[in-house]
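Asker: This is the structure I have questions about; it appears just below.
Numbering (our numbering), first residue to last: 114 to 360.
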């Protein structure tokens with residue numbers, strides 16, 4: 114198995130790091146990542162969303178463009194376009210526990226008063242569940258407005274606290290990311306999960322993410338002893354830091 118010439122790999126979060134939240138990668142960023150690879154730096158994608166959403170944001174050819182692609186925190190892992198790992202939430206928790214979580218969330222959200230509610234409040238993914246108080250079917254304008262409202266009202270933070278108490282026996286992790294939702298998954302299934310697929314021959318592992326604070330979905334991998342973590346404020350910041358490091 115070959116690695117880059119200098120044993121360096123950069124792992125990038127998607128939303129808020131390579132793109133604006135739920136946005137599409139710009140030509141400038143796409144060109145920049147190609148230039149980064151030309152410097153002998155390997156590139157990997159580490160997103161919380163599923164592969165379908167990654168393709169919407171990064172292009173249908175995302176598996177061909179980047180050697181490593183980790184969707185759902187790495188619970189679905191590809192190397193050189195080939196599936197190398199897939200971990201199932203259903204196998205781990207069982208249907209009864211999943212049903213209990215869904216039922217609880219729907220009852221809780223029915224009593225939450227927020228300015229707008231749309232649809233798809235609970236999204237089941239292969240390795241996690243994504244919970245959105247406003248609903249994932251909201252428009253970009255509604256998404257932005259909810260984020261601003263949530264910064265003050267702490268809707269997601271309060272719901273996470275309630276779920277931690279309710280499902281303490283399941284030993285789950287609750288991770289707030291993006292603008293409108295948070296992820297629920299077994300402890301240890303955060304973005305550090307992807308590192309099991311990154312060969313030890315990569316002696317310099319850099320991670321770039323925007324939700325690196327405690328409780329954010331980039332926090333664990335940002336602080337992991339194997340990575341050099343970089344907190345970014347957006348795609349432009351990502352490019353700036355990379356240029357300072359590698360160009």
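From the three backbone atoms N, C-alpha and C, an ideal C-beta is built for every residue, glycine too. Model, not experiment: these values are computed from the prediction.
In angstroms with no decimal places, state the Cα-to-Cα distance between residue 257 and residue 292.
Answerer: Near 7 Å, if we compare the C-alpha coordinates of residue 292 and residue 257.
Asker: Let me confirm a value: residue 290 is counted as buried when at least 16 other C-beta atoms fall within 10 Å, else exposed. Which label applies?
Answerer: Buried, since its Cβ has 16 or more Cβ neighbours within 10 Å.
Asker: Of all the options 205, 248, 211 and 210, which has the alpha carbon lying nearest to the alpha carbon of residue 225?
Answerer: Comparing Cα-Cα distances from residue 225 to each of 205, 248, 211 and 210, the minimum goes to 248.
Asker: Short of 8 Å in beta carbon distance, which residues of its chain neighbour residue 334, apart from the five on each side in sequence? Order them along the chain.
Answerer: The residues are 124, 159, 303, 304, 305, 307, 308, 320, 322, 340 and 342.
Asker: Alpha carbons only, please: which of 121, 120, 146 and 119 is nearest the one belonging to residue 131?
Answerer: Looking at the Cα atoms, 146 is the closest of the given residues.
Asker: What is the rounded straight-line gap between the Cα of residue 214 and the Cα of residue 185?
Answerer: Rounded to the nearest angstrom, the two C-alpha atoms are 19 Å apart.
Asker: Could you tell me the distance, in whole angstroms, from the CA atom of residue 327 to the CA atom of residue 150?
Answerer: Computed Cα separation, rounded: 31 Å.
Asker: Kindly say whether residue 241, judged by its beta-carbon, lies nearer than 8 Å to any beta-carbon of chain B.
Answerer: Considering every chain present, this structure includes no chain B. It has just one protein chain.
Asker: Does DSSP classify residue 198 as helix, strand or coil?
Answerer: Residue state, collapsed to three classes: strand.
Asker: Can you give me the C-alpha to C-alpha distance between residue 337 and residue 223, rounded to a whole angstrom?
Answerer: Each residue's alpha carbon lies about 37 Å from the other.
Asker: In whole angstroms, what is the alpha-carbon distance linking residue 169 and residue 265?
Answerer: Looking at the two C-alpha atoms, the distance is approximately 30 Å.
Asker: Report the three-state DSSP secondary structure of residue 117 (helix, strand or coil).
Answerer: In this prediction, residue 117 has a pLDDT of 45, which is less than 50 and means its spatial position is unreliable; nothing more can be read from the coordinates.
Asker: Please classify residue 115 as buried or exposed, where buried requires at least 16 other C-beta atoms within 10 Å of its C-beta.
Answerer: For residue 115, the predicted structure reports a pLDDT of 39, less than 50, and the residue's modelled location is therefore unreliable. A value from the coordinates is still provided. Answer is exposed; the Cβ neighbour count stays below 16.
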